[in-house]
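Report on the following structure.
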Amino acid sequence: MLRNPIHLRLEKLESWQHVTFMACLCERMYPNYYEFCRQTEFGDAQLYRRILDLVWEVLVVKEAKVNFDSQLEKWEDAIPSADDYDLYGVYPAIDACIGLGELIHSQLSGATLEHAIAISETSIRTVVMLEMTQAGREMTDEELYTLSAI
171 MLRNPIHLRL
181 EKLESWQHVT
191 FMACLCERMY
201 PNYYEFCRQT
211 EFGDAQLYRR
221 ILDLVWEVLV
231 VKEAKVNFDS
241 QLEKWEDAIP
251 SADDYDLYGV
261 YPAIDACIGL
271 GELIHSQLSG
281 ATLEHAIAIS
291 ETSIRTVVML
301 EMTQAGREMT
311 DEELYTLSAI
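Residue numbers (my numbering): 171 to 320.
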C-alpha cells in the first residue's frame, strides 16, 4: 500500500485536529454505507449518521458529553459481513464501518493519532480497491500514485 505523506503531517497536529480529520474521512465514507444499506436493506444508515453527528457535537460544544461505550455497542451490530453478500458495495460499506469504529475507539481511548492513521489507511484501501476493481487487475504503486495525483 502507498505510504501517505499525510500520516507524517498528522503527527504534528493536536488531538482535536486528529478527530476532525477522522470525522471528515468518515463523512466521505458515509455514502458508501448509506448506499449499501439502501440497496440491501441491511443495517441502519441513520445510526452511522447519528454517531458521526455526536462526534461533531463533541468537537463544537465544549461541554458536550457522549457515552461512546453505548454508541459502540449499538454500532457493532450495524457492520455487514462480506460473506453474506455477493455485491462489491459490501467492501466499501465495511470500510466505512471500520472507519467509524476507529473514530469511536479514539473517543474512548484518547489515542487519536493512531486511530487517525488507521482511518486514513482504510480510506486509501477503499479507493485503491475501487480503482483495481474497475481496472480488473492489480495495479502497481506507480499507477496508483498517478491516479491519486490526477
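Even glycine gets a Cβ: it sits at the ideal position worked out from N, Cα and C.
Note that this is a predicted model, so its numbers are computed, not measured.
DSSP state of residue i mapped onto helix, strand, coil
i: I264; result: helix
i: T292; result: helix
i: I274; result: helix
i: T303; result: helix
i: Y203; result: helix
i: G269; result: helix
i: A215; result: helix
i: L283; result: helix
Residue nearest to residue i in terms of C-alpha spacing, selected from the options
i: L300; options: D265, S276 and I287; result: D265
i: M199; options: T303, S279, L273 and D239; result: L273
i: S279; options: T210, I176 and V189; result: V189
i: L326; options: A288, R307 and V298; result: In the structure as shown, the chain starts at 171 and stops at 320, and residue 326 therefore has no counterpart that could be examined.
i: I249; options: L180, G259 and A263; result: A263
i: E197; options: G259, L283, R307 and L222; result: L222
i: D247; options: Q304, Y218, L195 and Y261; result: Y218
i: L270; options: E184, I176 and L195; result: L195
7 Å CB neighbourhood of residue i in its chain, flanking five on each side removed
i: I268; result: T292
i: Y204; result: A215
i: K235; result: none
Neighbourhood of residue i by C-beta distance below 8 Å, restricted to the same chain and skipping five residues each side
i: H285; result: H188, M192, E272, L273, H275, S276 and S279
Burial state of residue i, where buried means 16 or more other Cβ atoms lie within 10 Å
i: I320; result: At I320 the pLDDT is 47, less than 50, meaning the model places this residue with poor confidence; the figure from the coordinates comes in the next sentence. I320 should be labelled exposed.
i: L172; result: No answer about L172 holds up, because its pLDDT of 42 lies below 50 and its placement is not dependable.
i: N237; result: exposed
i: Y261; result: buried
Own chain partners of residue i with C-beta closer than 6 Å, once the 5 adjacent residues on each side are dropped
i: W186; result: none
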